[in-house]
Amino acid sequence: MEKALQLDIVTPRGTVFSGLVAAVTLPGGLAPFQVLYNHAPILSTLEPGVLKVLLPDLTPRYYAIGTGFVEVLHNHVTVLVETITAGEAIDPEAAADRVRRARAQLDAAQTREELQRARRELHEAEIALRAARLARSVGVGE
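Residue 1101 in the working numbering sits at position 18 of the sequence shown; the count goes up by one each step and never skips.
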């Protein structure tokens, strides 16, 4: 693929992905954005969300990510994140249960700390569920 990006996804535990991609869509600190070949240099924060990688054969891959940073420079994209889970590795039923439990925790929250914790857990659970569902939708109207 002549118009490819080099993508490296790194966590504190090591490199999760390293290879050529056609595009990557990231949950930026201000808004989601997509990086294509010859993108302008950028350094951005990343919020928890779904990261989409478009492989050279245009097959999408989805990941649930935590907070982090991304650098784009000379067709090389480096993603540094605290946590990442491949969408296909997430059980959609377990993720849906996690969302239900988080909603119950939110309803039961009594203190500001409990409320913040429950909101964060619900947000992370919804991200995991979305990544799992997107990963399973590949080839079904994608």
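Backbone N, C-alpha and C define an ideal beta-carbon position, used for all residues, glycine too.
Just so you know, these numbers come straight off a predicted model, no measurement behind them.
{"Query": "Within 10 Å of its beta-carbon, does glycine 1097 have 16 or more other beta-carbons around it, so buried, or fewer, so exposed?", "Result": "exposed"}
{"Query": "Please list, in chain order, all residues of the same chain as alanine 1087 whose beta carbon is under 8 Å from its beta carbon, the five residues on each side excluded.", "Result": "Leu1103, Val1104, Ala1105, Tyr1120, Pro1139, Asn1158"}
{"Query": "Do threonine 1150 and proline 1124 have their C-beta atoms within less than 8 Å of each other?", "Result": "no"}
{"Query": "Shortest alpha-carbon distance to isoleucine 1148 belongs to which of Thr1142, Val1133, Thr1161, Leu1156?", "Result": "Val1133"}
{"Query": "Less than 8 Å between the CB atoms is what I'm expecting for alanine 1178 and alanine 1215, so what's the real figure, rounded?", "Result": "5 Å"}
{"Query": "Within a Cβ cutoff of 6 Å, which residues of the same chain sit near valine 1162, ignoring the five residues on either side of it in sequence?", "Result": "Ile1092, Val1153"}
{"Query": "Under a three-way DSSP split, which group does tyrosine 1091 fall into?", "Result": "The sequence given here has aspartate at residue 1091, not tyrosine. Correct three-state label for aspartate 1091: strand."}
{"Query": "Identify whether histidine 1157 lies in helix, strand or coil by the three-state DSSP scheme.", "Result": "coil"}
{"Query": "Quick check on leucine 1201: buried or exposed, where buried means 16 or more other Cβ atoms within 10 Å of its Cβ?", "Result": "Leucine is not the amino acid found at residue 1201; the sequence shown has alanine there. Buried, because 16 or more other Cβ atoms sit within 10 Å of the Cβ of alanine 1201."}
{"Query": "Less than 8 Å separating the beta-carbons of leucine 1212 and proline 1175?", "Result": "yes"}
{"Query": "Quick check: the Cα distance between arginine 1219 and glutamine 1089, rounded to an integer number of angstroms?", "Result": "25 Å"}
{"Query": "DSSP three-state call for glutamine 1188: helix, strand or coil?", "Result": "helix"}
{"Query": "Apart from the five residues on each side of it in sequence, which residues of its chain come closer than 7 Å, Cβ to Cβ, to glutamine 1199?", "Result": "none"}
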